[in-house]
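Everything on this sheet refers to the single structure shown next.
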Amino acid sequence: MRSSGILLHISSLSSPYGIGTFGKEAFDFIDFLREAGQTYWQLLPLGPTSFGDSPYQSFSAFALNPYFIDLRLLEKAGLLKKQEFASVDFGDDPTQVDYAALYHQRYPIWRKAAARFFAAVPADYDAFCAKNADWLDDYALFMALKDAHDGAAFTAWETPLVQRDPAALTQAREQYADDIAFYTMLQYLAFSQWERVKQYANEHGVRLIGDMPIYVAADSADVWASPQLFCLDENGRPTAVAGCPPDAFSEDGQLWGNPLYRWEDMAADGYAWWCKRIAAACRLFDVVRIDHFRGFEAYYTIPAGAANAKKGKWKKGPGMKLFKKVKEQLGELPIIAEDLGFLTPAVHKLLKATGFPGMKVLQFAFDPEEESDYLPHNFSHNCVVYTGTHDNDTINGWATQSPADVVAYAREYLQADENDSLNWCMMKAALASPADTAILTMQDLLGLGSEARMNTPSTIGANWQWRVTGDCINSWLAGILRENTRIWRRLPPEAEE
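The opening position of the sequence shown corresponds to residue 14 in the numbering used here, with each subsequent residue numbered one higher.
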């Protein structure tokens, strides 16, 4: 069935308190999607962010970002008083997330909520802790120890803690019991609020697409708790790291810095960690998009300490063995494969074997000298088309920054004259394409330029900050989107009545 949706991260929602949350604006956006005839809401990873604020570098592959906890809902639950947060400065620009302000201001407020929470613990709290103990216990201890070490990476902690000496861990759990309980509480609150968002979305015909990075952060509870699964030395430091080789877009390649997996060791226990991770993602979302899917066929390994990605090399990944085991354990799964980048015949073969839909990005399509798999007339049905992703500029920004001949060919292909809005012409091409699913970005729907770009890869300092103002998401825009969705036969059946 043909369908469509919108990419907008939780952090980009409007709210009075510095960042989008699991509160009122999330429910309002679901109402907007329903009014606009959309089937999907796509989000970036929901994990707690670390230095650089990237949702792709999280302290945990399983936890939720506590910044997304809505303070007004805590007030409603009796955990906060409005005067404790209403006048706090979370940043002075409603179109940008000020992560430094959030870091300094949110935690004292949450501590006030914790005092009231533990004075009257909810009846389902112990069940939540028991259900999630296999990751939550390590995560809460990890975060408590980070606080005790002024935020330092775990590799800088005392050796017994780095190496997880049982006696040292027992002592730490006793010494930092209050902080461990605090971080456990934050996860309970985040999951409780998120589950209500997901339930509301599903009840109103909206399905949630969530992003799952292939790698985890070097400084994460995942690496600290399971060092045997990663390429590390005895001190927990990576011996090789992930990235991408040099290409036309990057002379030095991309140096991501994530530790690589010990795939042979993972295979020995039936890829148990991956089965657990994918199962958790499928509980959070209705559909899971796996980032850097080609890394399962072959991955790029760079020596630890390298200044750039030039000296890396390709090694074979687990391939179909992993996905066969996942399907044995979990059944058929709703997964989208992010199959962008340098693709070989072996990657195409793996994608076909899984049956997962791949991705097409229209901004990559318009080389006037070469035929492109990203041009809509070359699409198969089993794919998801995007005008751009979180790593791309907006369409209007792309049109400004791209070579003139590329933009000229795009206008020619899209039959857009100088008076036509290129963002709408490209979005209509996505909706009209043969792809089963089309995903548009909120920035492009609003006709914004490069100021609204979510991320510029291989840069830090100005990413992940964009937010939409509340008055932009309205019935007028919903009506325009709904009409275009109807024309290209992507309305869900219930919306056609």
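Don't be surprised by glycine CBs; every beta carbon is placed ideally from N, CA and C.
The Cβ-Cβ distance between D304 and I227 falls below 8 Å.
By the neighbour-count definition (other C-beta atoms within 10 Å, threshold 16), W489 is an exposed residue. Non-local C-beta neighbours of L459 in its own chain, meaning closer than 6 Å and more than five positions away in sequence, comprise C485, ordered along the chain. The segment 195 to 205 makes contact with the segment 63 to 78: 3 or more CB pairs, one atom from each, lie closer than 8 Å. Separation of the CB atoms of N497 and K441 is rounded to 6 Å, and the pair is thereby assigned contact status at 8 Å. In this structure, the beta-carbon distance from L335 to Y284 falls below 8 Å.
Burial check for V134: the Cβ neighbour count within 10 Å stays below 16, so the residue is exposed. Counted as a single uninterrupted DSSP element, the alpha helix (DSSP H) harbouring S205 occupies residues A190 to E216. Inter-residue distance for A132 and R85 is about 20 Å (C-alpha atoms, whole angstroms). Shortest Cα-Cα distance from D105 to any of E97, A114 and F98 involves A114. Of the other Cβ atoms in all chains shown, 16 or more fall within 10 Å of the Cβ of W148; this residue is therefore buried. By the CB criterion at 8 Å, T482 and P107 fall inside the cutoff. The segment 274 to 358 contains, as complete alpha helix (DSSP H) runs of 4+ residues, the segments 276 to 281, 285 to 297 and 333 to 343 (chain order).
About 6 Å separates the CB atoms of Y313 and P258; that is less than 8 Å, so the two are in contact. In the displayed model, K373 falls within a strand according to three-state DSSP. Rounded to whole angstroms, F141 and Y152 show a C-alpha spacing of 14 Å. Under the Cβ criterion (8 Å, minimum of three pairs), the segment 306 to 326 counts as touching the segment 253 to 267. Counting along the chain, W54 sits inside the beta strand (DSSP E) bounded by residues Y53 to Q55. A distance of 8 Å or more separates the beta carbons of F355 and K373. Ranked by Cα distance from F155, the options N145, W170, Y422 and S446 are led by W170.
Measuring C-alpha to C-alpha distances from A293 to each of G474, K144 and L453 identifies K144 as the nearest.
In the three-state DSSP reduction, C244 falls in the coil class, being neither helix nor strand. Taking D139 as the centre and dropping the five residues before and after it, the same chain places no C-beta closer than 7 Å to its C-beta. Within the DSSP bridge table, the entry for Q267 names C257 as partners.
DSSP assignment within the segment 61 to 98 yields the following whole alpha helix (DSSP H) runs of 4 residues or more, N-terminal first: 84 to 89.
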